[in-house]
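A.B. asks:
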DNA sequence: GCAGGGGATGGTATAGTGTTGCGTAAATAG
DNA sequence: CTATTTACGCAACACTATACCATCCCCTGC
Ligand SMILES: [Zn+2]
Ligand SMILES: [Zn+2]
Ligand SMILES: [Zn+2]
Ligand SMILES: [Zn+2]
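Protein chains in written order, with our numbering: chain A, 12 to 177; chain B, 12 to 177.
So this is what it looks like as structure tokens:
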């Protein structure tokens with residue numbers, strides 16, 4: 012199978028099974044059900060470190076013989092988002108697995124436009140800067156969308172400045 | 012007419028005409044044409060400090076007797092974005108006028124979920140924090156999407172903590 | 001004035017993304 | 001085993017965005 016590895020090398024089989032284990036555990040604790048469908052979709056998302064669109068997921072499900080229509084996918088994604096297991100990337104209309112589902116995380120995403128990999132940062136310093144600015148404005152934050160598109164280190168090295176990276 | 016004022020009080024008629032003047036001037040300098048349609052759409056967007064969806068704009072245009080189809084609106088929005096005169100808010104699929112079109116600006120947007128007003132910040136300190144983090148990751152930034160949803164000061168005062176604001 | 005060229009606009013069709021509503025099935029509770 | 005809740009299948013629809021082609025307008029050179 013041809014999935015993308017993230018530019019930070021790691022044991023991908025482990026990373027997927029670890030994520031699934033953690034998801035099971037989190038749902039257990041929360042008293043929610045990680046059903047077969049939910050697990051299947053979460054695993055699909057983790058298999059690809061790339062963001063997957065809802066209709067990408069739909070296509071894969073149907074390939075795998077599971078009959079599904081859009082609402083099935085969106086409902087499941089809603090659940091997974093609610094549990095903090097996946098994030099939606101607004102600038103891509105796509106979804107990625109959350110790497111720190113136990114912590115609360117105002118995700119900050121580094122999106123490589125060449126290899127499509129997404130790295131989620133915790134980025135406390137950014138969060139602090141944001142909270143300082145919004146505080147100064149008297150603005151009460153509910154949710155922060157921070158998505159940074161560019162080129163990852165691996166791709167910068169790979170094409171030696173070819174695509175604007177230097 | 013029923014447009015929303017931003018929560019920072021200001022002379023709205025001025026703010027719109029100023030924005031239009033600056034737009035004309037910028038296009039003049041750049042050697043591009045701020046045609047009647049482009050000016051009309053830019054003004055529509057400025058009239059409302061709320062983000063307007065492309066189809067909102069389309070509806071208003073048609074109300075105003077100008078026949079338009081989606082591509083007309085999107086083309087015009089592309090132009091205005093290219094000139095830095097409007098920004099697209101990814102988390103809303105909507106567009107707002109840029110308050111500082113002359114400066115380069117990695118827009119940071121405070122979006123009030125009650126009154127729908129959007130305030131664009133320059134937020135140098137946030138930009139610095141982001142650039143520091145991405146630098147540490149060896150990530151080359153092309154574009155930053157920073158959209159903060161919450162409650163603006165005016166709405167916090169208005170409903171005295173009713174909606175989670177305190 | 002007249003032809004040519006490039007940017008801007010009109011218009012149809014279609015692709016891509018997300019939601020509503022309702023009925024059925026499966027799991028949990030009593 | 002029945003009642004209740006929760007999840008799933010499915011059809012239809014709404015919203016967002018793009019591809020493609022034709023026409024028009026404006027400017028320039030002749
Ligand atoms: Zn992995
Ligand atoms: Zn990359
Ligand atoms: Zn104004
Ligand atoms: Zn407000």
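For every residue, glycine included, the Cβ atom is placed at its ideal position computed from N, Cα and C.
For the stretch 128–151 of chain A, which residues have a CB atom closer than 9 Å to at least one CB atom of chain B, in sequence order?
C.D. replies: Going along the stretch 128–151 of chain A in chain order, one finds 130, 132, 134, 136, 137, 138, 139, 140, 141, 143, 144, 145, 148, 149, 150 and 151 with a Cβ nearer than 9 Å to chain B.
A.B. asks: Ignoring anything shorter than 4 residues or poking outside the stretch 129–173 of chain B, list the alpha helix (DSSP H) runs there in chain order.
C.D. replies: Runs found: 135–148 and 164–169.
A.B. asks: Tell me where the beta strand (DSSP E) around residue 95/A begins and ends.
C.D. replies: First-last for residue 95/A: undefined, no H or E at that position.
A.B. asks: Excluding the five sequence neighbours on either side, which residues of its own chain have a C-beta within less than 7 Å of the C-beta of residue 110/A, listed in chain order?
C.D. replies: Closer than 7 Å at Cβ, skipping near neighbours: 131.
A.B. asks: What is the DSSP secondary structure of residue 50/B, reduced to helix, strand or coil?
C.D. replies: Looking at residue 50/B - three-state DSSP - the assignment turns out to be helix.
A.B. asks: If we define contact as Cβ-Cβ less than 7 Å, is residue 125/B a contact residue for chain A?
C.D. replies: No - not a single Cβ of chain A is within 7 Å of the one on residue 125/B.
A.B. asks: Can you find a C-beta in chain B that's less than 7 Å from the C-beta of residue 163/A?
C.D. replies: Chain B, which has a Cβ nearer than 7 Å to the Cβ of residue 163/A, makes this yes.
A.B. asks: Can you tell me where the beta strand (DSSP E) holding residue 105/A begins and where it ends?
C.D. replies: 105–108 is the span of the beta strand (DSSP E), which, as asked, contains residue 105/A.
A.B. asks: Nearest chain B C-beta to residue 122/A closer than 7 Å, yes or no?
C.D. replies: Output row for residue 122/A: interface = no.
A.B. asks: When every heavy atom of ligand 4 is checked, does at least one fall within less than 6 Å of the C-beta of residue 165/B?
C.D. replies: Under cutoff, so the answer is yes.
A.B. asks: Would you mind telling me which residues of chain B sit closer than 8 Å to residue 102/A, beta carbon to beta carbon, in chain order?
C.D. replies: Per Cβ cutoff of 8 Å: 101 and 156.
A.B. asks: Under the assumption that residue 9/B contacts residue 100/B (Cβ atoms under 8 Å), give the Cβ distance between them as a whole number of angstroms.
C.D. replies: Because chain B here runs from 12 to 177, residue 9/B falls outside it and cannot be looked at.
A.B. asks: Tell me whether residue 125/B counts as near ligand 4, meaning its Cβ is closer than 6 Å to at least one heavy atom of that ligand.
C.D. replies: Because some heavy atom of ligand 4 lies under 6 Å away, the Cβ of residue 125/B counts as near it: yes.
A.B. asks: How long is the line joining the alpha carbons of residue 19/A and residue 151/B, rounded to whole angstroms?
C.D. replies: Roughly 15 Å separates the two Cα atoms.
A.B. asks: My parser needs the alpha helix (DSSP H) runs of 4 or more residues fully inside the stretch 58–92 of chain A; what are they?
C.D. replies: 65–74, all fully within the stretch 58–92 of chain A.
A.B. asks: Check whether the Cβ atoms of residue 37/A and residue 91/A sit closer than 7 Å, and answer yes or no.
C.D. replies: No, the Cβ-Cβ distance between residue 37/A and residue 91/A is not below 7 Å.
A.B. asks: Who are the near neighbours of residue 27/A in its chain, counting only those whose CB is closer than 8 Å to its CB and skipping five residues on each side?
C.D. replies: So the qualifying residues of the chain are 54, 57 and 58.
A.B. asks: Please identify, using Cβ separations under 7 Å, the residues of the stretch 77–109 of chain B that lie next to chain A, in order along the chain.
C.D. replies: Within the stretch 77–109 of chain B, the residues whose Cβ lies closer than 7 Å to some Cβ of chain A are 101 and 102, listed in chain order.
A.B. asks: Can you name the residues of chain A whose CB is closer than 8 Å to the CB of residue 153/B?
C.D. replies: Those within 8 Å of residue 153/B in chain A are 124, 160, 161, 162 and 175.
A.B. asks: Can you tell me the Cα-Cα spacing of residue 113/B and residue 39/B, whole angstroms?
C.D. replies: Roughly 13 Å separates the two Cα atoms.
A.B. asks: Relative to the C-alpha of residue 134/B, which candidate in 116/B, 122/B and 124/B has its C-alpha closest?
C.D. replies: Ranking 116/B, 122/B and 124/B by Cα distance to residue 134/B puts 116/B first.
A.B. asks: Determine the chain A residues that contact residue 167/B at a beta-carbon separation under 8 Å, and present them in chain order.
C.D. replies: Ordered by position in chain A, the residues that pass the 8 Å Cβ test against residue 167/B are 149 and 151.
A.B. asks: Under 6 Å Cβ to Cβ from residue 157/A, same chain only, skipping five residues before and after it: list those, please.
C.D. replies: These residues qualify, in order along the chain: 119.
A.B. asks: For residue 73/B, collect the residues of the same chain with a Cβ closer than 8 Å to its Cβ; drop the 5 residues on either side in sequence, then sort them by chain order.
C.D. replies: So the list reads 79, once near-sequence residues are dropped.
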